[in-house]
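Quick notes on the structure that follows.
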Amino acid sequence: MPRSFRTSSTVTTSIVLGGRERQRPSSMTKGRYYLRAVGWRGLICALKARALGTGVVMKLRVRGLEWPLYLRIPSVDIKVYEKVFLEEEYRFDVVSAPTTIVDAGAHIGMTSVYFANRYPDARIVAVEPEEQNFELLRRNVAPYRNVIPVQAALWDDNCEVNLFDPGGGTWGYVTEGLAHSPELPAQLRHRVPGVTIDRLMEDYGLPGIDLLKVDIEGAERAVFRGASSWLDRVDAIIIELHERLKPGCSRSFYCATNNFGEEWTRGENVFLSRGRCVRRSSS
């Protein structure tokens, strides 16, 4: 598969049911951003969304992908696409290709699609709690038989949790136990099942996890506090830590993972590996 991805000229739009997402940059800045990230047709979608006063879904064809991607405009989806496919923040070299991947905090499925194309023989479990994100996640991964979408929140217990919106966009929802309030001002979205790594492995027949990708907006503090029962079955972790949202995330993570042999960073992500499968990218 090609190392770099570029947007092709085939883009179509359809109206999104639901409100538009808040955007703070100036119109000119946003226009240049859409033009650079998704081409002039993406800019047209952004202008159409502004004129209609609602959001649109853009069907985006990317060189190197057999199937199109679906992104919301205006939203952070374009930024996620840029980070995953253009900047390739999840690129790494392999000792042997991963066969089991868990994508926790899968959002609309960009990373799962990226991994599904790079590692077509891998079984990928994509976990996303928020219902509108999950709807688009299912649409994006539908052509990939090796991707299993799961609507749940990664947690330290198998119980229902609350999902809150602190106002950071669709990639920033945070989870809390039913008896707790969020540590930052936030609006309740809905409840969702919480699920542990142990339960995911049991439910989907995973004897181990070659790669665990974690971007769960501070819930990693709870998840890694209770990691002793499953962590030795994980070969590599890619995580974005959210210390600013929940102080103690970094301590919880590093205390649990101090026996991983290799560590490096790429973009906002920390990579840890035992070296059996994943290793630092040479490029």
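Quick note: to get the numbering used here, add 164 to the position in the sequence shown (first position is 1).
We put the CB at the ideal spot given by N, CA and C, even for glycine.
Near H406, what residues of its chain come up, given a Cβ to Cβ distance below 6 angstroms and the 5 sequence neighbours on each side ignored?
The residues E381, G382, C413, in chain order, have a CB closer than 6 angstroms to that of H406 in the same chain once the five nearest residues on each side in sequence are set aside.
Exposed or buried, V259, counting other C-beta atoms within 10 Å across all chains shown (16 or more means buried)?
Of the residues assessed, V259 falls on the exposed side of the cut-off, its CB having fewer than 16 other CB atoms within 10 angstroms.
Which residues in the same chain as V311 place their Cβ atom closer than 6 angstroms to its Cβ, once the five residues preceding and following it in sequence are excluded?
Result list for V311: S276, A280, I288, A290, V305, in chain order.
Distance, D379 Cα to V266 Cα:
Rounded to whole angstroms, the gap between the alpha carbons of V266 and D379 is 11 angstroms.
Could you check which residue in E299, R309, R303 has the C-alpha nearest to that of Q315?
The residue with the shortest Cα to Cα distance from Q315 is E299.
Opposing strand residues paired with W319 [DSSP bridges]:
The bridge partners DSSP lists for W319 come to none.
Which word fits E432, buried or exposed, when buried means at least 16 other C-beta atoms lie within 10 angstroms of its C-beta?
Label assigned to E432: exposed.
Take every Cβ of the region 419-427, pair it with every Cβ of the region 231-244, and state whether three or more of those distances are shorter than 8 angstroms.
No contact exists between the region 419-427 and the region 231-244.
Run of the alpha helix (DSSP H) containing E427, from where it starts to where it stops:
Annotation: E427 is outside any alpha helix (DSSP H); the continuous beta strand (DSSP E) that includes it extends over 426-430.
Under 7 angstroms Cβ to Cβ from Y278, same chain only, skipping five residues before and after it: list those, please.
Closer than 7 angstroms at Cβ, skipping near neighbours: V248, F249, Y254.
Going by the beta-carbon positions, is the gap between D362 and S393 smaller than 7 angstroms?
Annotated as proximal: D362 and S393, with beta-carbon spacing under 7 angstroms.
Local Cβ density within 10 Å of C441, reported as buried at 16 or more and exposed below that:
So C441 ends up on the buried side.
Spatially closest choice to V404 from P313, R214, R282, L376, by CA coordinates
Before going further, note that residue 404 is Glu rather than Val in the sequence given. E404 has its Cα closest to that of L376, out of P313, R214, R282, L376.
If we ignore side chains and look at the alpha-carbon of each, how far apart do F435 and E251 end up?
Straight across, the Cα-Cα distance linking F435 with E251 is about 16 angstroms.
Less than 8 angstroms between the CB atoms is what I'm expecting for P293 and L301, so what's the real figure, rounded?
With a beta-carbon spacing of about 11 angstroms, P293 and L301 fall beyond the 8 angstroms limit used to define contacts.
Who are the Cβ neighbours of R444 in its own chain at under 6 angstroms, not counting the five residues just before and after it?
The residues are W428.
Can you check which of these residues, P238, Y368, Y234, is closest to T218 by C-alpha distance?
With respect to the C-alpha of T218, the residue from P238, Y368, Y234 having the closest C-alpha is P238.
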